[in-house]
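Student: Mind looking over this structure? Questions follow.
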Amino acid sequence: MLISADSHVVEPYDLWQRELPAGLRERAPRAERDPHNRHWYFVDPDGVRGVDLTLSASAGIPAAEVQSRLDADPDAEVGRAGGRDPVARLRDLQRDGTLADVVYPTATLSLMTSEDRPLQEACFAIYNDWISDYCAADRERLAGLAVLSTWDIDQAVRELRRAHALGLRGAVIWTSPPESDSFFSRRYEPLWEAAAGLRMPISLHTLAGNRASREIERYGVDVESTFFFVFTTRLELQRSLCELVVSGVFERHPELRVVAAEGGIEYAATLERRLDGGFARSWGRLDHELELKPSEYFRRNVYLTYISDPVGLNNVRFTGAEHFMWSGDYPHDASTWPRSPEVMRRECDEAGLDEAAVRKLGVANVAGLYGFDLERCAEPSPRIASTD
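So for the sequence shown, the numbering used here puts the first residue at 16; every next one is plus one.
Structure below.
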């Protein structure tokens, strides 16, 4: 059995053009088709091209095949329909041997660091309504996450509470804030308190930070942008986790859970060792509020997701498997669909992991964090049966 801790939707291309109020619509994010390769791309409110939405829906289809299909039929829609159609998604989950998904956005992540605050808040509210409707197809198996604007923390708390009422099970915020709004700041306290009280994990997803996320337009075009895209985006994530640990957030909010999504797990052993070692050497000189070692907060309060990570799995002997979660990344091009159980099992076997660890990684940790009922998820989805 598997449950993916990090999968995605591909938002409707006209979502914000259709739903934003008239006063904001002229700056609506949108999708545009490249006249040369015929791929659809996300375009932000400033007209900057971002994520490739065609490849973001191409799970199980090699990039060369995607292009050959578009060359043969320039108007073809290539990819998995489940990015927008929840019933198609449920069928694909069943085909893949995956019981359920935690569902993240795709294009919406690119709006996470927008400085147009009214527009960002409006776009996020629209997305939250849409993803709630999407997951309503089968809330047992589709755990949607809200997105929150954190420029105004009081507004973020209100939206988190609204998202909870909509049936969403967690929320995504920016992966790395601007320096003026570091996670060391106490301004986030109402959000941490609300998330802990509602038992809604807060997610930090790669490519939603203030530096690396802005380099995606030129990924694969120039060396600097490609470097930031594949490397610095993960360093942003690690830095934010360290800030949350050492600033005492988890000491003050022991029930808060934070998910580091799509950053892999290979860095965990080194991060834990360096945090503990560095603090041990200077502990007596620091004005701090930590009652535990940094690694203990990291293991208790932080969960990491991975798609494929042989190095990280070999490091489980140093870290334990209690706060790692496998993810399928459906329907993105990096997805293990439709061979997820095979790929996941092979990597675990090669790392010498026992059955208890494999179960934690594949299903138990994510089920416990998001409240999936494994017995009910193991049954056929009634939504699929009703459409057969």
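Ideal Cβ placement from N, Cα and C applies to all residues, glycine included.
#1: Check whether the stretch 125-144 touches the stretch 370-378, taking contact to mean three or more Cβ pairs, one atom from each stretch, closer than 8 angstroms.
#2: Does the stretch 110-122 come into contact with the stretch 339-352, if we say contact requires no fewer than three beta-carbon pairs (one atom in each stretch) closer than 8 angstroms?
#3: Out of 62, 353, 178, point me to the one whose CA is closest to residue 47's CA.
#4: Take residue 161 as the anchor and find which of 174, 154, 155, 152 has the nearest alpha-carbon.
#5: Straight-line CA distance for residue 198 to residue 26?
#6: The ligand FAD and residue 208: does the residue's C-beta get closer than 7 angstroms to at least one heavy atom of that ligand?
#7: How many Å lie between residue 282 and residue 335 at the Cα?
#8: Starting from residue 18, trace the beta strand (DSSP E) both ways and give me its first and last residue.
#9: Expressed to the nearest angstrom, what Euclidean distance is found between the alpha-carbon atoms of residue 330 and residue 89?
#10: Assuming residue 252 contacts residue 221 under a Cβ cut-off of 8 angstroms, what Cβ separation, rounded to an integer in Å, is found between them?
#11: For the structure I just gave you, are there three or more beta carbon pairs, one from the stretch 255-271 and one from the stretch 292-304, closer than 8 angstroms?
#12: Please name the residue in 54, 328, 245 whose C-alpha comes closest to that of residue 68.
#13: With DSSP as the reference, label residue 45 as helix, strand or coil.
#14: Who are the near neighbours of residue 101 in its chain, counting only those whose CB is closer than 6 angstroms to its CB and skipping five residues on each side?
#15: Among 339, 317, 177, which has the Cα closest to the Cα of residue 327?
#16: Quick one: complete alpha helix (DSSP H) runs, 4+ long, within the stretch 306-387?
#17: Under a three-way DSSP split, which group does residue 220 fall into?
#18: Provide the residue span of the alpha helix (DSSP H) that contains residue 260, from first to last.
#19: Would you say the stretch 128-143 touches the stretch 76-96, given that touching needs at least three Cβ pairs under 8 angstroms?
#20: Helix, strand or coil for residue 145? Go by DSSP, reduced to three states.
#21: Go ahead and label residue 118 buried or exposed: buried means 16 or more other beta carbons lie within 10 angstroms of its beta carbon, across all protein chains shown.
#22: Nearest to residue 179 by CA position, among 311, 147, 39, 98, is which residue?
#23: Can you tell which of 98, 316, 31, 271 has the C-alpha that lies nearest to the C-alpha of residue 136?
#24: Just the C-alpha distance for residue 352 and residue 75, rounded to the nearest angstrom, thanks.
#25: Identify whether residue 76 lies in helix, strand or coil by the three-state DSSP scheme.
#26: Assuming residue 265 and residue 271 are in contact, meaning their beta carbons sit under 8 angstroms apart, how far apart are those beta carbons, in whole angstroms?
#27: Among 130, 49, 23, which has the Cα closest to the Cα of residue 42?
#28: Between which two residues does the beta strand (DSSP E) carrying residue 157 extend?
#29: From what residue to what residue does the alpha helix (DSSP H) around residue 171 run?
#30: For residue 204 and residue 239, I'd like the C-alpha separation in whole angstroms.
#31: Of the choices 224, 202, 242, 186, whose alpha-carbon is the least far from that of residue 213?
#32: DSSP three-state call for residue 153: helix, strand or coil?
#33: Does the distance from the C-beta atom of residue 274 to that of residue 218 stay below 8 angstroms?
#34: Since residue 323 and residue 362 are thought to touch, with beta carbons under 8 angstroms apart, how far apart are those beta carbons, to the nearest angstrom?
#35: What residue range is occupied by the uninterrupted alpha helix (DSSP H) comprising residue 284?
Tutor: To lay it out plainly:
#1: Touching, no, given that fewer than three Cβ pairs across the two stretches are closer than 8 angstroms.
#2: yes
#3: Position 32 of the sequence shown holds residue 47. That would be 62, whose Cα lies nearest to the Cα of residue 47.
#4: Here residue 161 corresponds to residue number 146 of the sequence shown, with the count starting at 1. Residue 174 is the option with its Cα nearest to residue 161.
#5: Looking up residue 198 in the sequence shown gives position 183. Looking up residue 26 in the sequence shown gives position 11. Straight-line Cα distance between these residues: approximately 29 angstroms.
#6: The model depicted lacks the ligand FAD and carries no ligand whatsoever.
#7: To locate residue 282, count along the sequence shown from 1; it is residue 267. To locate residue 335, count along the sequence shown from 1; it is residue 320. Each residue's alpha carbon lies about 13 angstroms from the other.
#8: Numbered from 1 along the sequence shown, position 3 holds the residue referred to as residue 18. It spans 18-23 - the beta strand (DSSP E) in which residue 18 sits, taken as one unbroken run.
#9: As a first step, residue 330 is located in the sequence shown; it is residue number 315 there, counting from the start. As a first step, residue 89 is located in the sequence shown; it is residue number 74 there, counting from the start. Whole-angstrom Cα-Cα distance: 46 angstroms.
#10: Along the sequence shown, one-based indexing puts residue 252 at 237. Along the sequence shown, one-based indexing puts residue 221 at 206. That pair is a contact at about 6 angstroms.
#11: They touch, by the three-pair rule.
#12: Position 53 of the sequence shown holds residue 68. Nearest option by C-alpha distance: 54.
#13: The residue given as residue 45 occupies position 30 in the sequence shown. In the structure shown, residue 45 sits in a strand (DSSP, three-state: E or B).
#14: Along the sequence shown, one-based indexing puts residue 101 at 86. Result list for residue 101: 149, 152, in chain order.
#15: One-based indexing of the sequence shown puts residue 327 at position 312. It is 339.
#16: 309-316, 325-329, 331-334, 355-365, 370-374, 380-385
#17: As a first step, residue 220 is located in the sequence shown; it is residue number 205 there, counting from the start. Of the three classes helix, strand and coil, the one that applies to residue 220 here is strand, per DSSP.
#18: Residue numbering aside, residue 260 sits at position 245 when the sequence shown is read from its first letter. 248-261 is the extent of the alpha helix (DSSP H) around residue 260.
#19: Counting Cβ pairs under 8 angstroms, fewer than three are found: no touch.
#20: Walking along the sequence shown from the start, residue 145 turns up at place 130. Collapsing the DSSP output to three states places residue 145 in a helix.
#21: Within the sequence shown, residue 118 is the residue found at index 103, counting from 1. So residue 118 ends up on the buried side.
#22: Taking the sequence shown and counting its residues from 1, the one referred to as residue 179 is at position 164. Of the candidates 311, 147, 39, 98, the one whose C-alpha sits nearest the C-alpha of residue 179 is 147.
#23: Working through the sequence shown from its first residue, we reach residue 136 at position 121. Among 98, 316, 31, 271, the Cα nearest to that of residue 136 is on 31.
#24: Taking the sequence shown and counting its residues from 1, one reaches residue 352 at position 337. Taking the sequence shown and counting its residues from 1, one reaches residue 75 at position 60. Going from the Cα of residue 352 to the Cα of residue 75 covers about 6 angstroms.
#25: Here residue 76 refers to the residue found at position 61 when the sequence shown is read from its first residue. The answer is coil: DSSP assigns residue 76 none of H, G, I, E or B.
#26: Numbered from its first residue, the sequence shown carries residue 265 at position 250. Numbered from its first residue, the sequence shown carries residue 271 at position 256. In this structure, residue 265 and residue 271 form a Cβ contact; the two beta carbons are roughly 6 angstroms apart against a cut-off of 8 angstroms.
#27: Within the sequence shown, residue 42 is the residue found at index 27, counting from 1. It is 130 whose Cα lies nearest to the Cα of residue 42.
#28: Position 142 of the sequence shown holds residue 157. First-last of the beta strand (DSSP E) with residue 157: 157-162.
#29: Here the question's residue 171 lines up with position 156 in the sequence shown. It spans 168-180 - the alpha helix (DSSP H) in which residue 171 sits, taken as one unbroken run.
#30: Sequence index remark: in the sequence shown, residue 204 carries index 189 (1-based). Sequence index remark: in the sequence shown, residue 239 carries index 224 (1-based). Distance between the alpha carbons of residue 204 and residue 239: 36 angstroms.
#31: Sequence index remark: in the sequence shown, residue 213 carries index 198 (1-based). Its Cα nearest to that of residue 213, the residue 186 stands out among 224, 202, 242, 186.
#32: Your numbering for residue 153 matches position 138 in the sequence shown. When DSSP states are grouped into helix, strand and coil, residue 153 belongs to the coil group.
#33: The sequence position of residue 274 within the sequence shown is 259, counting from 1. The sequence position of residue 218 within the sequence shown is 203, counting from 1. Yes.
#34: Walking along the sequence shown from the start, residue 323 turns up at place 308. Walking along the sequence shown from the start, residue 362 turns up at place 347. Contact check for residue 323 and residue 362: beta-carbon distance about 6 angstroms, within the 8 angstroms limit, so the pair qualifies.
#35: Numbered from its first residue, the sequence shown carries residue 284 at position 269. Unbroken alpha helix (DSSP H) run through residue 284: 283-297.
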